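Novice: I have a structure here, written as structure tokens, and I will follow up with some questions on it.
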Amino acid sequence: MMKQLIHATVAFMLLSLQADAQSRFFTKTGRIKFDATVPKSPEAIAGVNNAVICVMDTKNGNIQFSAVMKSFEFKAALMEEHFNENYVESNKFPKAEFRGSVTNNNTVDYAKDGSYKVKVKGNLTMHGETKEVETDGEIIVRGEILEAKATFTAALSDYKVKVPQLVADKVSQTAKIIVECSLQPLK
Amino acid sequence: MNRSKKIRSGILITFLLVSAGAIYAYREFNREKESVAAMDAAFKVKAADLIRDFTSDEGSATGKYAGKVMEVDGILKETIVTAPGQMTIVMGDGVSSTSVRFSIDSSFVIDPIGLTPKMGIRMKGVCTGYIPDELGIGADILFNRGMMADPDNNRAIK
Chain S
1 MMKQLIHATV AFMLLSLQAD AQSRFFTKTG RIKFDATVPK SPEAIAGVNN AVICVMDTKN
61 GNIQFSAVMK SFEFKAALME EHFNENYVES NKFPKAEFRG SVTNNNTVDY AKDGSYKVKV
121 KGNLTMHGET KEVETDGEII VRGEILEAKA TFTAALSDYK VKVPQLVADK VSQTAKIIVE
181 CSLQPLK
Chain E
1001 MNRSKKIRSG ILITFLLVSA GAIYAYREFN REKESVAAMD AAFKVKAADL IRDFTSDEGS
1061 ATGKYAGKVM EVDGILKETI VTAPGQMTIV MGDGVSSTSV RFSIDSSFVI DPIGLTPKMG
1121 IRMKGVCTGY IPDELGIGAD ILFNRGMMAD PDNNRAIK
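Chains S and E, in that order, are what the protein sequence lines are. Residue 1 is where the first sequence starts when you use our numbering, and the numbers rise one by one after that. Residue 1001 is where the second sequence starts when you use our numbering, and the numbers rise one by one after that.
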């Protein structure tokens, strides 16, 4: 009897762990595009990071992503140097991260293929500053894969990112942070 | 030297200085990133040693390696193609769950067919930093502008 009880407990624990694992999705090749272009910019002030790490738990809608600032690539060498050295000071603040959740997670049927409009809310940390952000996003369920997309707008002043006066009219004071992650089940 | 000659010389010197400044600014503004292929590696390390450095003291390793061109020897874990021209080569030390991930330079094409997991591989790229295992999916040391360290294994996109 005792042996059966132990077996049943272990089986229950394993099933619970499996269920938990199946509700978690992740990627290590997510993409974030940082765009601070304005009409007066001489060229697009935009960088891309293709090594974003993201984990989402479909059970509660919790979502978290981390990005290394030096992984942002810009077309022009000077722009990339200014981004790292003068704006985000990536030696001092090497990472950015978001911890939040899909607030209307119950409207997404993760078992059914389709596109779902979602609201995302959480804390975005960049340049050592953390601010609460909220935005609209989209989750596309495609078989076992979840495509998560969201665009955040971040006022550079909120994150104490200083734009030199000389180029103030050529750089947007609010950056668009476009996140695109193709998440696969964490097995 | 009479007064008009002095003025002419002054104007000429000013013009030359302004022109030189403008040319420098233009060239600097349009400067392209130097190809990693043409750059010497500041460090040549084994993946196991690099992983040990980052996992034992992230801050010190980040200060030492981030932003540097490096060559890393390791064991291939997987090759990931997320989109045309967007490839990641993941290597490790064969033991730990920590990975060394190279986002491949978009100006090169690497044929993934010859790359099989567990084979030895040597990559070159710019170290960008480290993400510890806070999410339960293994830690990662990240590289940008990656390429095979042996230039014969990369095909440049013309």
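Ideal placement from N, C-alpha and C gives every residue a C-beta, glycine not left out. Treat the numbers as computed from the prediction; the structure is a model and nothing was measured.
1) If we define contact as Cβ-Cβ less than 8 Å, is E/Ser1103 a contact residue for chain S?
2) Using the beta-carbon of each residue, which ones in chain S are nearer than 8 Å to E/Phe1029?
3) List the DSSP bridge partners of S/Asp35.
4) How many Å lie between S/Gly122 and S/Thr130 at the Cα?
5) Would S/Met126 count as contacting chain E if we go by Cβ distances under 8 Å?
6) Determine the closest residue to E/Lys1044 out of E/Ile1104, E/Arg1008, E/Arg1145, E/Gly1074, with distance taken between C-alpha atoms.
7) Whole-angstrom Cβ separation of S/Thr58 and S/Cys181, contact assumed at under 8 Å?
8) Can you list, in chain order, the residues of its chain with a C-beta nearer than 7 Å to that of S/Phe34? Leave out the 5 residues immediately preceding and following it.
9) Out of curiosity, what's the CA-to-CA distance linking E/Ala1047 and E/Val1100?
10) Ends of the beta strand (DSSP E) at S/Leu146?
11) Could you name the residues of chain S that E/Ala1037 contacts, counting a contact when the two beta carbons are closer than 9 Å?
12) Considering only the alpha carbon of each residue, which of S/Gln184, S/Pro164, S/Phe98 lies closest to S/His82?
13) Using a beta-carbon distance below 8 Å, is E/Asp1140 in contact with chain S?
14) So which residues on chain S does E/Ile1131 lean against when the C-beta distance must stay under 8 Å?
15) Got a sec? Which residues, its chain only, sit under 8 Å from S/Asp113 by beta carbon, not counting five neighbours each side?
16) Quick one: grab the DSSP three-state call for S/Leu17.
17) Counting only beta-carbon atoms, is S/Glu180 nearer than 8 Å to chain E?
18) From the DSSP output, read off the bridge partner residues of S/Arg24.
19) Flag this pair as yes or no: are the beta carbons of E/Arg1145 and E/Asp1105 separated by less than 8 Å?
20) Can you tell me whether S/Tyr116 is helix, strand or coil according to DSSP?
21) Starting from S/Gln64, follow its DSSP beta bridges and name the residues at the other end.
22) State the Cα-Cα distance for the pair E/Arg1031 and S/Ala111, rounded to the nearest angstrom.
23) Since S/Val52 and S/Lys170 should fall inside the 8 Å C-beta cutoff, what is the C-beta to C-beta distance between them, to a whole number of angstroms?
24) Check whether the Cβ atoms of S/Glu97 and S/Ser66 lie closer than 8 Å to each other.
25) Quick check: what's the CA-CA separation for E/Ser1097 versus S/Ser41?
26) Under 7 Å between beta-carbons, which chain E residues line up against S/Phe98? List them in chain order, please.
27) Got a sec, what are the start and stop residues for the beta strand (DSSP E) E/Leu1142 sits in?
28) Have a look at E/Met1148 and E/Ala1066 and give me their C-alpha separation to the nearest angstrom.
29) Where S/Ile126 and S/Lys95 are concerned, what is the direct C-alpha to C-alpha distance, given to the nearest angstrom?
Specialist: Working from what's here:
1) Closer than 8 Å to some Cβ of chain S, the Cβ of E/Ser1103 qualifies, so yes.
2) Near E/Phe1029 (Cβ distances below 8 Å), the residues of chain S are Pro42, Ala76, Leu78.
3) DSSP lists S/Ala46, S/Lys176 as partners of S/Asp35.
4) Roughly 10 Å separates the two Cα atoms.
5) Taking Cβ atoms only, chain E never reaches closer than 8 Å to S/Met126, which makes this a no.
6) Ranking the options by Cα distance to E/Lys1044, first place goes to E/Gly1074.
7) With a contact defined as Cβ atoms closer than 8 Å, S/Thr58 and S/Cys181 miss out at about 13 Å.
8) If we look at S/Phe34 and ignore the five residues flanking it on each side, its Cβ neighbours are Ala46, Gly47, Phe72, Ala175, Ile177.
9) Taking C-alpha positions only, E/Ala1047 is separated from E/Val1100 by approximately 7 Å.
10) Note, S/Leu146: beta strand (DSSP E), 145-155.
11) Within 9 Å Cβ-Cβ: nothing; E/Ala1037 doesn't reach chain S, min ~16 Å.
12) Each of S/Gln184, S/Pro164, S/Phe98 was checked against the Cα of S/His82, and the nearest Cα belongs to S/Pro164.
13) Closer than 8 Å to some Cβ of chain S, the Cβ of E/Asp1140 qualifies, so yes.
14) For the C-beta of E/Ile1131, the chain S residues within less than 8 Å are, from N- to C-terminus, Ile53, Ser66, Val68, Lys95.
15) Excluding the 5 residues flanking it on each side, S/Asp113 has same chain C-beta neighbours closer than 8 Å at Val141, Arg142, Gly143, in chain order.
16) Residue placement at S/Leu17 is flagged as unreliable, the pLDDT there being 47, under the threshold of 50; a coordinate-derived value is accordingly withheld.
17) It does not; no Cβ of chain E falls within 8 Å.
18) Note: S/Arg24 sits in a beta bridge opposite S/Asp57.
19) The Cβ-Cβ distance between E/Arg1145 and E/Asp1105 falls below 8 Å.
20) Under the three-state reduction of DSSP, S/Tyr116 is assigned to strand.
21) Under DSSP, S/Gln64 takes part in a beta bridge, and its partners are S/Val55, S/Arg99.
22) Inter-residue distance for E/Arg1031 and S/Ala111 is about 49 Å (C-alpha atoms, whole angstroms).
23) So it is not a contact: roughly 27 Å between Cβ atoms.
24) Pairing S/Glu97 with S/Ser66 gives a Cβ-Cβ distance under 8 Å.
25) When rounded, the separation of the alpha-carbon atoms in E/Ser1097 and S/Ser41 is 43 Å.
26) Under the 7 Å cutoff, chain E gives no residues; its nearest Cβ is about 12 Å from S/Phe98.
27) Following the DSSP letters along the chain, one finds E/Leu1142 inside the beta strand (DSSP E) bounded by residues 1140-1148.
28) Answer to the nearest angstrom: the Cα atoms are 19 Å apart.
29) In the sequence under discussion, the amino acid at residue 126 of chain S is Met, which differs from the Ile named in the question. Distance between the alpha carbons of S/Met126 and S/Lys95 is about 7 Å.
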